[in-house]
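For reference, the structure discussed in these notes is given below.
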Amino acid sequence: MNELTILMHLLSEKINNVQIGATKEEIIKKLNLYGKNESVYFHNLITHLSSYIEPLGLQIRFNPLSSRWYIAFETTASEFVSANPFENKPRLAATIFCVLICCLKDMGRAKIQDIKEIRRKKHVIEDLKELEKLGYLELEEDLGIVSLTPLIGYQLDLNMLLVKLALKIKDQK
Amino acid sequence: MRSREDLTEEINKAMKEIQVKVLSGDFSMLDIELAPIFETLKKSITVRNIDNSSSIYNDAFQLLVQKYEELKTLINQLDRKESFFIFLKSKPEDSDILQLLEGCWIKTFDIQTLSFDFLTTSQEKLSIGHITQPPIKHLNKVETNQNFLLEVPKFKFSEKITNFFESIKDKLPCAFNEIFEEEKDQIKIYEQFVYILHLLQMGKIKYQKETKFLYL
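This is the structure in structure tokens:
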């Protein structure tokens, strides 16, 4: 068994319902990498595995919400295997988007009141509770606070979303 | 139909127009699609215009860098001013938000059963499937006057056996030793002995153990 096989295992491992893959530190420890060039070696391994799995329609991604590296289907393949977890629930998709934007402003946490004001819908609390059940967020109703779990960071390309959002705002101006 | 040289000129002209419009403030780089320029450039490259195409590619790449820098600046500005709320404050419909999310979804690849044991077994199974017998091919005969350390044999092995058989068949039946009595070169004797073993195996000649005679 070589390093790439171990790396493949670490990156595809589902830790719990909201966590997949491994952090850089975990990978370095499991592969017993040490010395001043460990980061270079780590990035080389990621690049090699990435080119190895590319023909299979897979790619290596980084979740900024959990700092974990993981494996996902390539974007075009994602469309093919219907990646949208809110396929028949557009209302929930819109609510999680609002939560995401609010949480980006405040280090992963947001006031429920802020979300209500932005979403301007009656069913916001209902939506938040359902999203909590699905594992996307944690609700602290008594404190009026909601915080994101890392799950949405695995299922949504946040970089691409922010770029699309930036261009949309530019067009609106 | 336009020639490839015409296409190169066309790209050059289009890029100059872009630069003028961007400098005059008519357009932002973010409003311009650069992909068609690179696509056309790819089609226009020939051996004859490679130098010119290379220079145009360099200019096109500079435009791409400029576009990327503008995008970075835009995102940084938005981030600083918390401007992402601008979109939400514009009261977007759910369908607008969904359109924005379209193409951003990722399907994760996570398999709980992908254990080390499973991988090892799979790897072994794959290895078994890949073992194949190497094909045996005769070397091609090459006419040359040069001397090489490893010379290509003039005849195939099967031809050599046949030639040897032709040379001895009139002597048969005869004693085993008689076959080699005229040959003094030990290597040749060994070679002929091997041919006899093959001929025996092929059933072309037979050997009587008691009399030590070879016969047809």
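Protein sequences, first through last, are from chains F and A.
Numbering that gives the first Met the number 0 applies: residue 0 is where the first sequence begins, and numbers increase by one.
Numbering that gives the first Met the number 0 applies: residue 0 is where the second sequence begins, and numbers increase by one.
Where a beta carbon is used, it is the ideal one built from N, C-alpha and C, also for glycine.
Since this is a predicted model, take the numbers as computed values, not measurements.
A residue is called buried when at least 16 other Cβ atoms come within 10 angstroms of its Cβ; F/Arg-60 meets this threshold and is buried. Within the same chain, Met-14 come within 7 Å of A/Asp-58 by CB-CB distance, once the 5 residues on both sides are set aside. Remark: C-beta atoms of A/Ile-178 and A/Leu-213 approach each other more closely than 9 Å. Collapsing the DSSP output to three states places A/Cys-103 in coil. A residue is called buried when at least 16 other Cβ atoms come within 10 angstroms of its Cβ; A/Pro-35 does not meet this threshold and is exposed.
For F/Ser-146, the beta-bridge partners assigned by DSSP are F/Arg-108 and F/Glu-137.
In the structure shown, A/Leu-73 adopts helical secondary structure according to DSSP, grouped into three states.
The three-state reading of DSSP puts F/Tyr-69 in strand, counting E and B together. For the pair A/Met-201 and A/Glu-181, the Cα-to-Cα distance works out to about 25 Å. With respect to F/Ala-93, A/Ile-44 sits apart: the two C-beta atoms are not nearer than 9 Å. Under a criterion of Cβ atoms nearer than 8 Å, no residue of chain F is adjacent to A/Asp-25; the nearest Cβ is some 16 Å distant. Rounded to whole angstroms, the separation of the alpha carbons of F/Asp-170 and F/Asn-158 is 19 Å. Contact with chain F is found for A/Thr-107, since one of that chain's Cβ atoms lies less than 9 Å from the residue's Cβ. Rounded to whole angstroms, the gap between the alpha carbons of A/Glu-68 and A/Leu-100 is 24 Å. Contacts with chain A at 9 Å (Cβ-Cβ) do not include F/Val-145. Sixteen is the threshold: since fewer than 16 other Cβ atoms of the shown chains lie within 10 Å of the Cβ of A/Ile-135, the residue is exposed. Only exposed fits F/Gly-143, as fewer than 16 other CB atoms lie within 10 angstroms of its CB. Residues of the same chain with a CB within less than 8 Å of the CB of F/Leu-48, apart from the 5 flanking positions on each side, are Leu-3, Leu-6, Met-7, Leu-10 and Ile-59 in chain order. Proximity to A/Leu-70 across A/Ser-157, A/Lys-203 and A/Leu-29 peaks at A/Leu-29, based on C-alpha coordinates. For A/Asn-162, the enclosing alpha helix (DSSP H) stretches over residues 156-167. Beta-bridge analysis with DSSP links A/Leu-213 to A/Cys-173 and A/Tyr-206. F/Asn-62 has F/Arg-67 as its beta-bridge partners, per DSSP. Closest option to A/Phe-37, judged by alpha-carbon separation, among A/Asp-109, A/Gln-98 and A/Leu-6: A/Leu-6. Contact between F/Ile-168 and A/Phe-86 holds: CB atoms are separated by about 6 Å, below the 8 Å threshold. Boundaries for F/Asn-15: no alpha helix (DSSP H) harbours it, while the beta strand (DSSP E) harbouring it runs 13-15, taken from the DSSP string.
Around the beta carbon of A/Tyr-189, fewer than 16 other beta carbons lie within 10 angstroms, which makes this residue exposed. A distance of 9 Å or more separates the beta carbons of A/Ile-10 and F/Leu-161.
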